[in-house]
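Residue numbers (the working numbering), protein chains in the order written: chain A, 6 to 346; chain B, 6 to 346. From the three backbone atoms N, C-alpha and C, an ideal C-beta is built for every residue, glycine too. All values reported here derive from a predicted model rather than from experimental measurement.
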């Protein structure tokens, strides 16, 4: 059976489309009361991630309720360090916390690169349930964190404004850093392949902390490993979203991927000129536009679409939708895209 | 009496210099044990800001201890909202907090644009004491926050990863936003003029939250007011540091200022090509380099100096020095600059 709506796959492949496809990063989550109801019945965020039929349910909610052109599997980028042996907790209103962090070669050596299929079986099970329940209505997106971003959490142990502990590790221990990044990369490639085997139709790599490195260091410790992943994933279209890494856009032209995510600080015309339709661009409305009134949301969405007009484009925000956004405003964004053509 | 070391002023004015001058943002502060000793004897950060002879003492410490080519008056960008009637607290390990924030036109109307000389007399007194005690050894830098950054705190009420409350105010209430930004701009111009009258030799505008706006919105709500300030301050050299605003560098060519601050994500060669020695560039070593060993600090500092070689340049980090940096590492950075010529 073929997908009923494959707009996003055609857009990613640079094929002809009737209208611009649209989805939102973090569309499955706190913005929806239906999500919060399920989430509140559980012990925490991780129970939801690790319970396949519930993860599948919240994955599908935005397709049913918001009318997006793709689902993205409900999960967390930090399942990879956990599968490698570094447990984490998700602390309410604070974010992730790793009781143990990576400090030495011994710590790196003790990380596990095997049994990923077993350790993360709940993700692959959630993907299978979701694919079944979606009944080919829209594609399902899989994802993973980029190695540098995963590395940053494994060293820092938690979120940070500066990630100075993780960054200083690059300056103090560049060889160990490459060793750890290599290990993360191997797991990430296998993880994405297993997601594809379980049924996802497209994958996205999130490099959430790309923008805190200098151009030279992001090239050496970030982009290098994103390249390796892209070269190994050819089965489905691949999107790379390196938030804040405006300085790396030029080098991203050479990535073996279909789509480049743009955050809202990136100038659309410059990106269009740079990529010259060799890649699809995804984004990039400022998430804060959705705090405006309906007229403003429609106006700003149409302006963005006009800026991308005639070029390969998947509509999205320039970052994950903020959790306190009114779902009606999200619908307005989606409808503004859908009604534009 | 003339300044014994006026390197930074000559560099800002594009005049001939024997070697590149160097100072650090946040050089007066927690990195120095001598600072912490004074700070710990007081009730809090604000008592230090508001006690002129102590503010002067910590301002001069980095000149004596680290050997920088300029002092920067120890103060806080948030003294301006406070002088306008919006009190704030500095909460240990958390940052600034405003019990009342701006939500309406009535709130804006109630802000005060007069008596700045009286309200902020402690700053001008600290400047006079510092100038006297410096005995013309090095120039003294004054500063203020850029209107958008001050606005962000006045609306948000505290630090934030996204400043979504402040940003959404721009989208929801653009006219009120301009009204408030205009008021902040008037106070900021007067504040800088009063600092100059009290004796500072150079002023810097910090737009710490420039990088979270879209290019369009930063142009309309940020850069517009920086322009107004630059056009009114002609008595001493002026530096503009818009952190993260890579997208605005092109338009900053037209600013009526001497120096542009670069953060560490900005490519030096691109900036050199863009400004073509029409302005002095300041920066831009990644503050995390100072967590490396002495060899690395020297190597990275020399690399940076080589990248700027032959162009108008003031050496600095690309952001304020991080509070847990070893002062010996800071000295290594400074000495690496001084010994380069």
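1) For residue 230 of chain B, which residues from the same chain have a beta carbon less than 6 Å from its beta carbon, with the 5 sequence-adjacent residues on both sides left out?
2) Is it the case that the Cβ atoms of residue 295 of chain B and residue 267 of chain B are separated by a distance below 9 Å?
3) Just to confirm, is the Cβ distance from residue 57 of chain A to residue 83 of chain A under 9 Å?
4) Using 8 Å as the cut-off, can you tell me whether the region 111–127 of chain A makes contact with the region 32–46 of chain A, which would need three or more C-beta pairs spanning the two stretches below that distance?
5) So with Cβ pairs under 9 Å, would you call residue 153 of chain B a contact of chain A?
6) Return the residues of the region 258–274 of chain A that lie within a Cβ-Cβ distance of less than 8 Å from chain B, sorted by chain order.
7) Could you tell me which residues DSSP pairs with residue 95 of chain B in its beta bridges?
8) If contacts are defined as beta-carbon pairs under 8 Å, then residue 143 of chain B and residue 68 of chain B qualify, I think. What distance do you get, rounded to the angstrom?
9) Would you grab the beta carbon distance between residue 212 of chain B and residue 154 of chain B for me? Rounded to a whole angstrom, and I think it's under 8 Å.
10) Considering residue 59 of chain B, what are the terminal residues of the alpha helix (DSSP H) in which it resides?
11) Does DSSP put residue 193 of chain B in a helix, in a strand, or in coil?
12) If the criterion is Cβ atoms closer than 9 Å, does the pair residue 276 of chain B and residue 247 of chain B meet it?
13) What do you get for residue 305 of chain A, buried or exposed, if any count of 16 or more other CB atoms within 10 angstroms of its CB means buried?
14) Would residue 106 of chain B pass as an interface residue toward chain A - the criterion being a Cβ-Cβ separation below 9 Å?
15) Threshold first: 4 residues or longer. Then list the alpha helix (DSSP H) segments lying entirely within the region 141–197 of chain A, N to C.
16) Among all the DSSP beta bridges, which residues are the ones paired with residue 318 of chain A?
17) If you reduce the DSSP assignment to three classes, tell me which class residue 341 of chain B lands in.
18) Take residue 121 of chain A as the anchor and find which of A/150, A/90, A/109 and A/108 has the nearest alpha-carbon.
19) Taking only runs that begin and end inside the region 231–290 of chain A, name each unbroken alpha helix (DSSP H) of 4 or more residues, in chain order.
20) Mapping the DSSP letters down to three states, classify residue 79 of chain B as helix, strand or coil.
21) I want to verify the contact list: residues of chain B whose CB lies under 9 Å from the CB of residue 216 of chain A, in sequence order.
22) Nearest-angstrom Cα distance between residue 106 of chain B and residue 162 of chain B?
23) Label residue 13 of chain B either buried or exposed according to how many other C-beta atoms from any shown protein chain fall within 10 Å of its C-beta, with 16 as the threshold for buried.
24) Note down, in chain order, all residues in the region 207–235 of chain B with a beta-carbon under 7 Å from any beta-carbon belonging to chain A.
25) Report the rounded CA-to-CA distance for residue 118 of chain A versus residue 159 of chain A, giving the unit in angstroms.
26) Counting only Cβ pairs nearer than 7 Å, list the residues of chain B close to residue 293 of chain A.
27) In angstroms with no decimal places, state the Cα-to-Cα distance between residue 312 of chain B and residue 197 of chain A.
28) I'd like the span of the beta strand (DSSP E) that includes residue 301 of chain A, first residue to last.
29) Mind pulling the chain A residues with CB within less than 8 Å of residue 297 of chain B?
30) Spell out whether any CB of chain B is found under 9 Å from the CB atom of residue 150 of chain A.
31) For residue 75 of chain A, count neighbouring Cβ atoms within 10 angstroms of its own Cβ and tell me buried if that reaches 16, exposed if not.
32) Could you name the residues of the same chain whose beta carbon sits closer than 6 Å to that of residue 165 of chain A, not counting the 5 residues immediately before and after it, in chain order?
33) Cα separation between residue 342 of chain B and residue 24 of chain B?
34) Rounded to whole angstroms, what's the CA-CA distance from residue 340 of chain A to residue 328 of chain A? Just pull it up for me.
35) By the criterion of Cβ-Cβ separation under 8 Å, what are the contact partners of residue 79 of chain A in chain B?
36) Give the straight-line distance between the Cα atoms of residue 283 of chain B and residue 273 of chain B, rounded to the nearest whole angstrom.
Well, looking at it:
1) On the second chain, residue 230 of chain B is found 225 positions in, with the first residue counted as 1. These residues qualify, in order along the chain: 152, 186 and 190.
2) Numbered from its first residue, the second chain carries residue 295 of chain B at position 290. Numbered from its first residue, the second chain carries residue 267 of chain B at position 262. Cβ atoms of residue 295 of chain B and residue 267 of chain B: not closer than 9 Å.
3) Taking the first residue of the first chain as 1, we reach residue 57 of chain A at position 52. Taking the first residue of the first chain as 1, we reach residue 83 of chain A at position 78. In terms of Cβ geometry, residue 57 of chain A and residue 83 of chain A do not form a close pair [threshold 9 Å].
4) no
5) Along the second chain, read from residue 1 onward, the residue named residue 153 of chain B stands at position 148. Closer than 9 Å: no.
6) 269, 270, 271 and 272
7) If you number the second chain from 1, residue 95 of chain B lands on position 90. Answer is B/101, bridged to residue 95 of chain B.
8) Taking the second chain and counting its residues from 1, the one referred to as residue 143 of chain B is at position 138. Taking the second chain and counting its residues from 1, the one referred to as residue 68 of chain B is at position 63. Contact holds; Cβ gap of about 6 Å.
9) In the second chain, residue 212 of chain B corresponds to position 207, counting from 1. In the second chain, residue 154 of chain B corresponds to position 149, counting from 1. Contact between residue 212 of chain B and residue 154 of chain B holds: their C-beta atoms lie close to 5 Å from each other, under 8 Å.
10) One-based indexing of the second chain puts residue 59 of chain B at position 54. Its alpha helix (DSSP H) spans residues 57–70.
11) Indexing the second chain from 1 puts residue 193 of chain B at position 188. DSSP places residue 193 of chain B in helix when its eight states are reduced to three.
12) Residue numbering aside, residue 276 of chain B sits at position 271 when the second chain is read from its first letter. Residue numbering aside, residue 247 of chain B sits at position 242 when the second chain is read from its first letter. Against a cut-off of 9 Å, the Cβ pair of residue 247 of chain B and residue 276 of chain B comes out as no contact.
13) Counting from one through the first chain, the residue named residue 305 of chain A turns up at place 300. Result: buried.
14) The sequence position of residue 106 of chain B within the second chain is 101, counting from 1. Interface residue (Cβ-Cβ distance to chain A less than 9 Å): residue 106 of chain B is not classified as such.
15) 152–161 and 169–177
16) For the purposes of this step, residue 318 of chain A is taken as residue 313 along the first chain, with counting starting at 1. Residue 318 of chain A is bridged to A/286.
17) On the second chain, position 336 is the one that residue 341 of chain B refers to. Three-state DSSP puts residue 341 of chain B in a helix.
18) Numbered from 1 along the first chain, position 116 holds the residue referred to as residue 121 of chain A. Closest by alpha carbon: A/90.
19) Here the runs fully enclosed are 254–257 and 273–280.
20) Stepping through the second chain from its first residue, residue 79 of chain B is reached at position 74. If DSSP states are grouped into helix, strand and coil, residue 79 of chain B belongs with coil.
21) Indexing the first chain from 1 puts residue 216 of chain A at position 211. Those are 216, 249 and 270, listed as they occur along chain B.
22) The residue given as residue 106 of chain B occupies position 101 in the second chain. The residue given as residue 162 of chain B occupies position 157 in the second chain. Taking the straight line joining both Cα atoms gives about 6 Å.
23) Stepping through the second chain from its first residue, residue 13 of chain B is reached at position 8. Around the beta carbon of residue 13 of chain B, a 10 Å sphere encloses 16 or more other beta carbons of the protein chains shown; the residue is thus reported as buried.
24) Answer set for the region 207–235 of chain B: 216, 219 and 220.
25) As a working mapping, residue 118 of chain A is identified with position 113 in the first chain. As a working mapping, residue 159 of chain A is identified with position 154 in the first chain. Spanning the two alpha carbons is a distance of roughly 15 Å.
26) Taking the first residue of the first chain as position 1, residue 293 of chain A is located at position 288. Here the neighbours are 169, 172, 173 and 176.
27) Position 307 of the second chain, counted from the first residue, corresponds to residue 312 of chain B. Position 192 of the first chain, counted from the first residue, corresponds to residue 197 of chain A. Rounded to the nearest whole angstrom, the CA to CA distance from residue 312 of chain B to residue 197 of chain A is 40 Å.
28) For the purposes of this step, residue 301 of chain A is taken as residue 296 along the first chain, with counting starting at 1. Per DSSP, residue 301 of chain A belongs to no beta strand (DSSP E); it is in the alpha helix (DSSP H), 299–313.
29) Here residue 297 of chain B is taken as the residue at index 292 of the second chain, counted from 1. At a C-beta separation below 8 Å, residue 297 of chain B has these neighbours in chain A: 173, 176 and 177.
30) Counting from one through the first chain, the residue named residue 150 of chain A turns up at place 145. For residue 150 of chain A, no CB of chain B lies under 9 Å from its own CB, so it is not counted at the interface with that chain.
31) Locating residue 75 of chain A in the first chain gives position 70, counting from the first residue. Burial is judged here by how many other beta carbons sit within 10 angstroms of a residue's own beta carbon; residue 75 of chain A has at least 16 and is buried.
32) Residue mapping note: residue 165 of chain A aligns to position 160 of the first chain, counting from 1. So the list is empty, once near-sequence residues are dropped.
33) Position 337 of the second chain holds residue 342 of chain B. Position 19 of the second chain holds residue 24 of chain B. One C-alpha to the other measures close to 8 Å.
34) For the purposes of this step, residue 340 of chain A is identified with residue 335 of the first chain, where counting begins at 1. For the purposes of this step, residue 328 of chain A is identified with residue 323 of the first chain, where counting begins at 1. If you take the alpha carbons of residue 340 of chain A and residue 328 of chain A, they lie about 20 Å apart.
35) Indexing the first chain from 1 puts residue 79 of chain A at position 74. Chain B residues near residue 79 of chain A: none, gap ~22 Å exceeds 8 Å.
36) Position 278 of the second chain, counted from the start, is the residue given in the question as residue 283 of chain B. Position 268 of the second chain, counted from the start, is the residue given in the question as residue 273 of chain B. Straight-line Cα distance between these residues: approximately 15 Å.
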